[in-house]
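A short worksheet on the structure shown next.
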Amino acid sequence: GFALGYFLNKWFAPLPIKVDSFLAGSVLNVNHVDVIAVGVVLAMTILALVAAGRFLTFYSFDPLGYRASGLNPAWAEGTVMVMITLTIVMLVPAVGTILPIALIAAPAAALAPWTRTMRRLLIGAPVLGAATALAGLLIAVQLSLSAGGVIAVASGAVYLVSALVHWAVMSGAWGRVPLLRRG
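Residue numbers for the sequence shown, in UniProt numbering: 1 to 183.
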């Protein structure tokens, strides 16, 4: 992957095309067309989740039960794939390829061990993603760093902290830390 990227960067060097912008994009240069396109995809995703959320949850957690109940798994798989693909396709021109993946995967993975219902995960992950993006943007502006890169790193850090705390709680290590003991 990186070798191909390096090759393309050298190949297109004489042209006014910045190949690295496909990777990192520029969060600070998003225009109103990008915002409208992402808003339309968001509305479509919310509509799909309101209309078919229970079926998608059923399929996600029990594909065999979904099939056994006579429901068509191709419909559920297709719906999820279309929602993810549209989200990424709309975000890549605006913010590159790394940031959409980080903001889709990391908040959901960070919250998954802490939520009991899909509804809480579907509401909490975007809220956590937005908070992480805002924190990353503020840090990037204060330190004069790449906004997209800092947001992606912040997303990874949120996941890492969640995973470590979850491991500590589940393994019992949390109770062995003197400052964290109750009573």
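The beta carbon of each residue, even a glycine, is placed where N, CA and C say it ideally should be.
Restricting attention to 3, 45, 11, the CA atom closest to the CA of residue 86 is found in 45. Taking residue 164 as reference, the option from 136, 74, 109, 120 with the minimal CA-CA separation is 109.
Annotation note: the segment 29-76 contains the following uninterrupted alpha helix (DSSP H) runs of length 4 or greater, listed N- to C-terminal: 32-61, 63-68. Contact holds between the segment 143-155 and the segment 123-134, because three or more Cβ pairs, one in each stretch, are under 8 Å apart. Within the model, the alpha-carbon separation for residue 169 versus residue 92 is close to 37 Å. Linking residue 68 to residue 62 through their CA atoms gives a straight-line distance of about 10 Å. Judged by pairs of C-beta atoms under 8 Å, the segment 89-104 touches the segment 37-55, as three or more such pairs exist. Judged by DSSP in its simplified three-state form, residue 172 adopts coil rather than helix or strand. Separation of residue 136 and residue 102 (C-alpha to C-alpha, rounded to the nearest whole angstrom) is 12 Å.
Within the same chain, Cβ atoms closer than 8 Å to the Cβ of residue 114 are found at 162, 166, the five residues on either side in sequence being excluded.
Exclusion of the five residues before and after residue 124 leaves 111, 115 as the residues of its chain whose Cβ lies within less than 7 Å of its Cβ. The beta carbon of residue 118 is closer than 7 Å to those of 57 in its chain, skipping five residues each way along the sequence.
Leaving aside the five residues that flank residue 141 on each side, the residues in its chain whose CB is nearer than 8 Å to its CB run, in chain order, 147. Here residue 83 really is in contact with residue 48; their C-beta atoms are around 6 Å apart, less than 8 Å.
Going by C-alpha positions, residue 10 is about 24 Å away from residue 99.
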